[in-house]
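Structure, as C-alpha cells:
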Amino acid sequence: MTADQRSASSRRRMDLAVASWHIILLSLLVLVIAQGTESRDVPSDNNIIQLPSSNTESIGDHDHHQSDHPKSHMHHMDSNNVNMVFFTMEDMEVGKTMPIYFPKIDPSTSPHLLPRDEASSIPFSLKQLPNLLKKFSFSKDSPQGSAMEDTLKQCESPPIKGETKFCATSLESMIDFIRRIFGDDSFSVVATNFFTKSSTTFQNYTILEMPKEVFSPKMVACHTLPYPYAIYYCHYLECENKVYKILLGGENGDKVEAVAVCHMDTSQWGRNHVSFRILKTEPGTFPVCHFFPAEHLVWVPISPTSM
Ligand SMILES: *[C@@H]1O[C@H](CO)[C@@H](O)[C@H](O)[C@H]1NC(C)=O
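Here it is in C-alpha cells:
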C-alpha cells in the first residue's frame, strides 16, 4: 500500500470513526492468551475470537468522573441512544427487559491495530496534531480531524485519582500495560459477543439467564477511541468493580452475551454524570453498571480455581 492509498483508506475508515478487530489481531490475541495461560484450560472468556464486529464510541468509564456527558466521540450518534447502556444491580434478574444500545459496524472497513514497530514510527501526541492531520489528509475542522484531536487530548489528560491509564497504539503495547498492572502473565480477556448478525443497534433486550460474575479482583478496561488506526484507551481503577457476562435476547431475535461492569463505589463521580440522570440516582448511593460495546475489552486475572 502506498502512503496515499493508506491515508485514503484511513479516511474511509475514519468516516466510521471506529476501530475494530482485525483477523491478525485476533490470532495475535489468541497467541498472547495462550502464552499467558500456558497450557492451562483457558476459560470460555476466549470467545473474543468470535467477535464479529464492534463499534467505536467509547461510552467510556473515562468520562465518568469528570464530565457529565461523554460527547466527545459522538459526532454522528444519537446521544440519547448512546447513553442507553446503564443499569443497576437490581436490574440483573432473569426476565428483566431493558432498552440497550449496542453500536455495530463493519469490521472490514474499520481501523485495525498496527504492529508495534509501525505504530511507534508515527508520533502520537497533541503537539504533533498539525503534522498528523497532514499525514492522514484531514482538515482540522473536519469531524475526523476533531476526533483525532479529542482522542489525543483524552490520551494526554492526567489520570484521575486512583486511575492508571494508557493509550495503546498496538496490541503489544496493550499487553505490556496489562502485564504491568497484573504483575504477571495470567490474565484473560472478555468482551461482548454477538451470536447473531443484524444491524439493529437499539432495542429492548431481555436477560435470558442468571448473569455470571467473572473473577475480577482487578480489571483493566480498554475502550476504542476514534483515530485513523486503532487506539485503545486502557485504564485500571483501584476502586471495586464487578464484571458480569449477561446473556441477552433482543426483540428481533438477536442473541448477545454482553459484558457489563458494575462500579461499586460511585461516590467520587461527578453529580452530573449521565448515568445518574438515566438511573435517577446520585453519586455514592447505588452501584452503576454499564454494558460494553463489542470491541471494547475487559482484561481480568485468571481465576486460581480454573487453573
Ligand atoms: C421497549 O419496550 C417498551 C415497552 O413495551 C416500549 O415502550 C419501548 O418503546 C421499547 N423500546 C425500544 C427501544 O424498542
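With mature numbering (1 follows the signal peptide of the UniProt record, and there is no 0) applied, the sequence shown corresponds to residues -39 to -1, 1 to 268, in that order. All C-beta atoms in this analysis are idealised placements derived from N, C-alpha and C, irrespective of residue type, glycine included.
Three-state secondary structure (DSSP) of LEU169
Working through the sequence shown from its first residue, we reach residue 169 at position 208. Three-state result, LEU169: coil.
Own chain partners of ASP52 with C-beta closer than 7 Å, once the 5 adjacent residues on each side are dropped
Residue mapping note: residue 52 aligns to position 91 of the sequence shown, counting from 1. Shown here for ASP52: same chain residues with a beta carbon closer than 7 Å to its own, the five before and five after excluded, namely MET59 in chain order.
Got a sec: does ligand 1 put a non-hydrogen atom nearer than 8 Å to the Cβ of THR167?
The residue labelled residue 167 in the question sits at position 206 within the sequence shown. No, the beta carbon of THR167 sits no closer than 8 Å to any heavy atom of ligand 1.
Would you mind listing the alpha helix (DSSP H) stretches within the stretch 34 to 100 that are 4+ residues and don't spill past its ends, in chain order?
The stretch 34 to 100 contains these whole alpha helix (DSSP H) runs: 40 to 43, 77 to 81, 90 to 97.
Segment limits, alpha helix (DSSP H) that includes PRO104:
Position 143 of the sequence shown, counting from 1, holds the residue named residue 104. Counting along the chain, PRO104 sits inside the alpha helix (DSSP H) bounded by residues 104 to 117.
Is it buried or exposed, THR227, if we count other Cβ atoms within 10 angstroms and call 16 or more buried?
Translated into the one-based positions of the sequence shown, residue 227 becomes position 266. Buried, because 16 or more other Cβ atoms sit within 10 Å of the Cβ of THR227.
Reference ASP111; option with closest CA among SER86, SER71, LYS203, VAL261
By 1-based counting over the sequence shown, the position of residue 111 is 150. The shortest Cα separation from ASP111 among SER86, SER71, LYS203, VAL261 belongs to SER86.
Between LEU208 and MET171, what straight-line distance do the alpha-carbon atoms span, to the nearest angstrom?
Counting from 1 along the sequence shown, the entry for residue 208 is found at position 247. Counting from 1 along the sequence shown, the entry for residue 171 is found at position 210. Per the coordinates, the alpha-carbon of LEU208 lies some 8 Å from the alpha-carbon of MET171.
State the CB to CB distance for the pair PHE63 and SER236, rounded to an integer number of angstroms; the pair is presumed to be in contact (CB under 8 Å).
Residue mapping note: residue 63 aligns to position 102 of the sequence shown, counting from 1. Residue mapping note: residue 236 aligns to position 275 of the sequence shown, counting from 1. The Cβ separation is near 17 Å, so there is no contact.
Test item: CB-CB of CYS195 and LYS122 under 9 Å:
Locating residue 195 in the sequence shown gives position 234, where the first residue counts as 1. Locating residue 122 in the sequence shown gives position 161, where the first residue counts as 1. No, the pair does not count as a contact, with Cβ atoms beyond the cut-off.
What is the DSSP secondary structure of PRO262, counted as helix, strand or coil?
Along the sequence shown, read from residue 1 onward, the residue named residue 262 stands at position 301. Of the three classes helix, strand and coil, the one that applies to PRO262 here is strand, per DSSP.
At 3 residues or longer, what runs of the beta strand (DSSP E) sit wholly inside the stretch 186 to 252?
DSSP runs (the beta strand (DSSP E)) wholly in the stretch 186 to 252: 192 to 198, 202 to 211, 216 to 224, 249 to 252.
Closest by CA to ILE142, which one among GLY231, LYS179, THR185?
As a first step, residue 142 must be located in the sequence shown, where it is residue number 181. Of the residues GLY231, LYS179, THR185, the one whose Cα lies closest to the Cα of ILE142 is LYS179.
Check for me: the beta strand (DSSP E) holding GLU133 runs from which residue to which?
For the purposes of this step, residue 133 is identified with residue 172 of the sequence shown, where counting begins at 1. If you look at GLU133, you'll find it isn't in any beta strand (DSSP E); it sits in the alpha helix (DSSP H) that goes 132 to 143.
How about THR153 and GLU218: are their beta carbons less than 9 Å apart?
Here residue 153 corresponds to residue number 192 of the sequence shown, with the count starting at 1. Here residue 218 corresponds to residue number 257 of the sequence shown, with the count starting at 1. Taking 9 Å as the cut-off, the Cβ atoms of THR153 and GLU218 count as close.
What does a CB cutoff of less than 7 Å around SER134 pick up in its chain, not counting 5 residues either side in sequence?
Translated into the one-based positions of the sequence shown, residue 134 becomes position 173. Around SER134, the same chain offers ARG77 as residues with beta carbons nearer than 7 Å, after the five sequence neighbours per side are excluded.
Just mark LYS206 as buried or exposed, buried being the case when its beta carbon has 16 or more other beta carbons within 10 Å.
For this step, residue 206 is matched to residue 245 along the sequence shown. Residue burial is scored here from C-beta neighbours: LYS206 has at least 16 other C-beta atoms within 10 angstroms and is therefore classed as buried.
Secondary structure at HIS257, three-state DSSP: helix, strand or coil?
Indexing the sequence shown from 1 puts residue 257 at position 296. Correct three-state label for HIS257: coil.
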